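Read through the structure below, which is laid out as structure tokens, and then see the notes.
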Amino acid sequence: MSRRIVAGLFAWLSPSLPGTISAFLPMEGEVDLRPLFDMLPGWRWVLPRVEVDRSVTFRDLAVPRETHPFGMAQPSDSGPAIPIPEIDVFLVPGLAFDPRGGRLGNGAGHYDRILSAARGDAAAIGIAPAPRLVDAVPVEEHDVRVGWLATEDGVVSCAPNG
363 MSRRIVAGLF
373 AWLSPSLPGT
383 ISAFLPMEGE
393 VDLRPLFDML
403 PGWRWVLPRV
413 EVDRSVTFRD
423 LAVPRETHPF
433 GMAQPSDSGP
443 AIPIPEIDVF
453 LVPGLAFDPR
463 GGRLGNGAGH
473 YDRILSAARG
483 DAAAIGIAPA
493 PRLVDAVPVE
503 EHDVRVGWLA
513 TEDGVVSCAP
523 NG
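Note that our numbering gives residue 511 to position 149 of the sequence shown, counting from 1, and the numbers run on in steps of one.
Below, the structure written as structure tokens:
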């Protein structure tokens, strides 16, 4: 399943000029995007880091890794933080997504804050296996929708009105 999602993302991203793309290291049950790093070497890859104050910063892929107290791998705090407006594409994990780009996360609101700070022309792509696509997820006023969904069936645009 992860290989098919990575193949779809590769096909979708390949025609674009390289830029800065945020990915994530997989937690249990999440899509493994790591093969994509080598498939698109011209892109600048950055990874999220949850700081002590629970804010999220992004660090270059080459930064050494550590284990966060919640058990996920993340970049260490070495090297500069990459400003969110420098990121062109956000690959966004989620527990569930709907066709309008609604996302159910882990409840901390990290990606809502991140995507709120992103440039208006930055792409946000929800990453999930097809069984995690549901008719609707609960969306509150502060929630930020993704514009695209990537599953093993490919990358599709979200329909904002249904």
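Glycine residues also receive a C-beta, built at the ideal position from the N, C-alpha and C atoms.
Fair warning: this is a prediction, and the values are worked out from it, not measured in the lab.
For the pair of segments examined, the region 448-455 was found to touch the region 375-385: the number of CB pairs separated by less than 8 Å reaches three. When DSSP states are grouped into helix, strand and coil, residue 487 belongs to the strand group. Taking the C-beta atoms as reference points, residue 457 is found nearer than 9 Å to residue 467. With at least 16 other beta carbons inside 10 angstroms of its own, residue 418 counts as buried. Non-local beta-carbon contacts of residue 479 in its own chain, meaning distances under 6 Å to residues more than five positions away in sequence, involve 446 in chain order. The Cβ-Cβ distance between residue 407 and residue 517 does not fall below 9 Å. Relative to residue 493, the option among 512, 501, 500 and 483 whose CA is nearest is 512. Within the same chain, 364, 367 and 489 come within 6 Å of residue 393 by CB-CB distance, once the 5 residues on both sides are set aside. Residue 375 carries a helical assignment under DSSP once its states are collapsed to helix, strand and coil.
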